[in-house]
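Its first residue numbered 742, the sequence shown is counted upward by one per residue in the numbering used here. From the three backbone atoms N, C-alpha and C, an ideal C-beta is built for every residue, glycine too.
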Amino acid sequence: MKVALVHDYLKEYGGAERVLKALHEIYPQAPIYTAFCHRNSAAGNVFKGAQIKESWLAPLIKYKNLYSPLRFLTPLIWKSFNLSQYDLVITSASWYITRGFRVGPKTKVICYCHTPPRYLYGYPTSIEWQRYLPVRIYASIINHFLRPYDFRSAQQVDEFIVNSQNVVNRVKKFYRRNSTVIYPPVEVIRILQNTKGLKQKNYFLVASRIVGGKGIELAVEAAKKAKVSLKIVGEPAGLRWFGGKLEGLKTKGVEFLGWIPDEELYRYYGQCKAFLALETDPDFGITPVEAMAAGRPVIAFRGGGYLESVVEGKTGEFFDEPTVESLAEVLKEFKPKKYKSEDCRRQAKKFSKERFKKEIKKFIKEL
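Shown next as structure tokens:
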């Protein structure tokens, strides 16, 4: 069977790219079609050995950082790819829509939908573009034309797979399509191997791209109010996005670690009092599961995909309001000894990469 993979673009290495990596491990000979690839980026390095096929717009986008304002060209980007020679096309889709390419009459198209594009449907995004009037006007015009395209291209998909029940509801609402949940892959075995015998230290942990919508400012202010130690892991690109804000966030007891390799991150997971998961409506959320795989509990906002991974009172706790006061209260009262490492790891195993691959293969076999 001839297979192709399609992904929004390759720059950051987050949850969507981890899904793509697992898919490429299942189909290592499959080329990856993408809008553009920053070869020296985190994602570019991970997929260095893969056959990457970029769009005609890649030279302009990747050297000018115009991938956000030029998203109105996404229909032309995907239409330029002729995938009719493939028996199966699997798309990893969220931000750049990643549908609408040309396929043959017998080509099966599976869309692994991380979420319908957040900016099209009013969900929080990493860049708070609504705050700036010129950007808001421009985006409103672009989005007005992209929403119908997004809907039409969704009807060309044979089967939707999604990363959570939360996204099942979105796909039904915006595309009127049914979908199957296959939770994203988590490197449970690697994390277990890297966190054996670690002793807990006295800090809370956040691991996230340092951009808007991730709750970074909330975490810092709550830690300051609760007078607890906080470490924040985030990629250098995210730190640049925060710009002048970062200096204002630096305070006693809060440490920004920047980007660190996975193995080092796993050790930070394994030694924290608890991991903080702070998005208000996450699609799923891989990092809380990684923390549980390291045997540590999670403090999460009560919403979105966190409700599907964190077991309240057993592998973590929820806070109900995305406010400094609500989070600070939980941080002050948190008792890590209440949670058993075995319970956290057992819960994390439900989301392992091995389980993901098995479920994907089974789904495709039954097509």
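Query: Residue span of the beta strand (DSSP E) that contains glycine 716, given as start and end; Result: The question about residue 716 has no answer, for the chain in this structure spans 742 to 1108.
Query: Ranges of the alpha helix (DSSP H) found wholly within the stretch 1068-1106, counting only runs of at least 4; Result: 1082-1089, 1094-1106
Query: C-beta contact flag for valine 929 and valine 898 at 9 angstroms; Result: no
Query: Candidates Gln896, Ile951, Ala1034, of which the one nearest leucine 998 by Cα; Result: Ile951
Query: Whole-number beta carbon distance between proline 865 and aspartate 1024, since they are thought to touch under 8 angstroms; Result: Going by Cβ atoms, the distance from aspartate 1024 to proline 865 rounds to 11 angstroms, so no, they are not a contact pair.
Query: Reduced DSSP category for histidine 1109 - H, G, I as helix; E, B as strand; rest coil; Result: As displayed, the chain neither begins before 742 nor continues past 1108, which places residue 1109 out of reach and without an answer.
Query: Segment limits, alpha helix (DSSP H) that includes lysine 965; Result: 957-967
Query: Leucine 971 versus glutamate 958: straight-line alpha-carbon distance, rounded; Result: 12 angstroms
Query: Span separating the alpha-carbon of valine 787 from that of serine 833; Result: 16 angstroms
Query: Glycine 756 (DSSP reduced to helix, strand or coil); Result: helix
Query: Residues near asparagine 907 by beta carbon distance below 6 angstroms, same chain, minus five either side; Result: Gly1045, Gly1046
Query: Which listed residue (Ile773, Glu753, Ser1082) has its alpha carbon closest to that of glycine 938; Result: Ser1082
Query: Reduced DSSP category for proline 977 - H, G, I as helix; E, B as strand; rest coil; Result: Its pLDDT being 46, under 50, proline 977 is placed unreliably by the model, and nothing is read from it.
Query: Cα-Cα separation, leucine 814 to tyrosine 853; Result: 22 angstroms
Query: Top-ranked residue by Cα proximity to aspartate 828, from Glu766, Lys743, Trp797, Gly756; Result: Lys743
Query: Within 9 angstroms, strictly: CB atoms of alanine 763 and isoleucine 1101; Result: yes
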